[in-house]
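Residue numbering for the sequence shown follows this note's numbering, beginning at 13 and increasing consecutively.
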Amino acid sequence: MPDPLPTHAGPFALGTFASGGFGASGVSGEAGFPGLITGDRVRDLSDLVPSIRALVEEWDSWLPRLEDLARSTEGTWHELAALRVLTPIEPGQILQSGANYRKHVVDLVAAEKESVHGATPEEARADAELMMDERARNGVPYVFLGSPRAISGPYDDIVLPALGEQHDWELELALVIGKSGKNIAAEDAMDYVAGYTISNDLTTRDRLYRPDLKAIGTDWFTAKNADTFLPTGPFLVPAAFVGDPGDLRITLRHNGVVRQDESTKDMIFDIPRLIAYVSTTTTLRPGDLLLTGSPAGNGAHWGVFLKPGDVVESEITGLGHQRNTVRSHA
C-alpha cells in the first residue's frame, strides 16, 4: 500500500474505483464506479452518474453539485485505502505533445550536434538554445495520437512488451477537456479545461524508428501504445483547484533515484497554445485527454531503461502520485 495515500489540491477530486484493496494491480479497461474524493474518503457517485466521462460531458452543470456533495454525509462513502484506484476517466481522444520542454529538447539537439556534426559542447548548446528561441516564437507544437488501450491505473504493473529493450519513462501533466470546441483562440483556451491528471507516456526507444521504412520516420504506434504503457491518475483534479498549471513540479523516481524534476514553466508551448493548435485540426470534446510533454531526465538521457522488478514513482504538484512496478510480459 502506498504510504502516504495520494492527496489532491482543493476540497475534492474525481476518480474511478473498484473494490479489492488500494494499489492492487488492475486490468486496463476494468469497470469501476465513479467517485468523489475528499481527503481519505470516497463518495460513490454511481447512483447519480454512470461514469466520470459522463460527468465531464456535463461539466458546467456538475461542478456546483460536486461542491454540495463534498460537504454532505449522504450517499455511500468508502475509505480510500480500501479501494483499488483505476484510471480516473475513459478518454475520447488522447493527444500527446512531443518535444515540448525546452531543456529536454536542447539536450537532444546539442547531443546530435556534438556526435554528428562535431560541434564543441559549448557551440552545440548555444546553437540548440537559439533554435528553441526561434521555435517558441514562430514554431508550432508537435502532437500525435495515442491509443486508449495503452492506459492503465496509477498503481498497476507496467508490463514490458516482448519486442524492444529500451523501455523509457516520460512523466507528463495531462489535462481533461470539459467542453466541445473547434478553432479555439489561445486567449479562450483555458475555459475548455475541466481538470488535470498525471500520465506517464512510456516509450520503447529502440522501436521508435523503422529500419525497413526509413523514409516514413517514427513508428509511434509500436513505440508508445503497448498495453499498460500509459499509467494515468490517480485523480482528476478540477482546474479551479490546481492553481497555475504553468508552474507545477513534475518529479519521477526510478528505483528511488530522482530522474525527472522540473517545473511546467519549462514548456515551450503552454497549454493555451497547445489547445489552440490541436483544435485547428480536430474538434475537442469533453473527456479528451491532452498530454503536455515530458521534461528532461528520460532514461535515454541517463543511459538507464526499465527492467523487470523496477519501481517507478511519479508525482505532480496537487495531483497525487503514482507507483508502478515493472514486470516482464512473460
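Beta carbons: idealized from backbone N, C-alpha and C, even for Gly.
| Query | Result |
| --- | --- |
| Should residue 321 go down as buried or exposed, given a rule of 16 or more other Cβ atoms within 10 Å for buried? | exposed |
| Between the stretch 165 to 181 and the stretch 96 to 106, can you find at least three pairs of beta-carbon atoms closer than 8 Å? | yes |
| Mind listing, in chain order, the continuous beta strand (DSSP E) runs of no fewer than 3 residues lying wholly within the stretch 36 to 123? | 45 to 50, 53 to 56, 89 to 91, 95 to 98 and 106 to 110 |
| Please tell me whether residue 133 and residue 332 are closer than 7 Å, where the distance is taken between their beta carbons. | no |
| In three-state terms, what does DSSP make of residue 262? | strand |
| Using DSSP bridges, identify the partner residues of residue 334. | 326 |
| Measuring only the C-alpha atoms, how far is residue 39 from residue 182? | Legend: pLDDT at residue 39 = 44, less than 50; position of this residue unreliable, value from coordinates given subsequently. The straight-line gap from Cα to Cα measures roughly 21 Å. |
| Residue 170: buried (16+ other C-beta within 10 angstroms of its C-beta) or exposed? | buried |
| Can you give me the Cβ contacts of residue 197 inside the same chain, cut-off strictly under 7 Å, excluding the 5 residues immediately before and after it? | 288 |
| Looking at the unbroken beta strand (DSSP E) that takes in residue 29, where does it start and where does it end? | 25 to 31 |
| DSSP on residue 341, reduced to helix/strand/coil? | coil |
| Would you report the Cα separation of residue 275 and residue 155, rounded to the nearest angstrom? | 20 Å |
| Residue ranges of each alpha helix (DSSP H) run of no fewer than 4 residues wholly in the stretch 279 to 324, ordered along the chain? | 283 to 290 and 311 to 314 |
| Tell me which residue opens and which closes the alpha helix (DSSP H) that residue 273 is part of. | It is not in any alpha helix (DSSP H) - residue 273 instead sits in the beta strand (DSSP E) that spans 269 to 275. |
| Identify the continuous beta strand (DSSP E) that holds residue 186 and give its terminal residues. | 183 to 189 |
| State the start and end residues of the unbroken beta strand (DSSP E) segment that holds residue 142. | Careful: residue 142 lies outside any beta strand (DSSP E), inside the alpha helix (DSSP H) at 133 to 150. |
| Measuring alpha carbon to alpha carbon, tell me which residue in 20, 203, 47 and 325 is nearest residue 283. | 203 |
| So, is residue 323 buried or exposed, given that buried needs 16 or more other C-beta atoms within 10 angstroms? | exposed |
| Count Cβ pairs between the stretch 109 to 124 and the stretch 53 to 69 that sit closer than 8 Å; are there 3 or more? | no |
| For residue 255, does the count of other Cβ atoms within 10 angstroms reach 16, so buried, or fall short, so exposed? | exposed |
| Quick one: using the 10 Å Cβ neighbour count with 16 as the cut-off for buried, is residue 35 buried or exposed? | Residue placement at residue 35 cannot be trusted, given a pLDDT of 45 that sits under 50; what the coordinates show is reported in the next sentence. It counts as buried. |
| What did DSSP end up calling residue 204 once you bin it into helix, strand or coil? | helix |
| Return the Cβ separation of residue 304 and residue 187 in integer angstroms, given the expectation that the two are a contact with Cβ distance under 8 Å. | 7 Å |
| Between the beta-carbon of residue 263 and the beta-carbon of residue 184, is there less than 7 Å? | no |
| Considering Cα atoms alone, identify which of 149, 199 and 307 is closest to residue 213. | 307 |
| Closest to residue 291 by CA distance: which of 81, 113, 191 and 136 is it? | 191 |
| DSSP three-state label for residue 20, please. | coil |
| Can you look up residue 250 in the DSSP assignment and give me helix, strand or coil? | strand |
| So what does residue 171 bridge to, in DSSP terms? | 339 |
| Alpha carbon to alpha carbon, what distance is there between residue 180 and residue 272? | 12 Å |
| Got a sec? Which residues, its chain only, sit under 8 Å from residue 258 by beta carbon, not counting five neighbours each side? | 276, 277, 279, 282 and 283 |
| Tell me, please, which residues DSSP counts as bridged to residue 180. | 215 |
| Compare the Cα-Cα distances from residue 336 to each of 298, 240, 55 and 301 and report the closest residue. | 240 |
| Give every residue of the same chain whose Cβ lies closer than 7 Å to the Cβ of residue 74, excluding the five residues on either side of it in the sequence, and list them in chain order. | 67 |
| Since residue 233 is in the beta strand (DSSP E), which residue starts that stretch and which ends it? | That residue, residue 233, is in no beta strand (DSSP E); its alpha helix (DSSP H) goes 232 to 236. |
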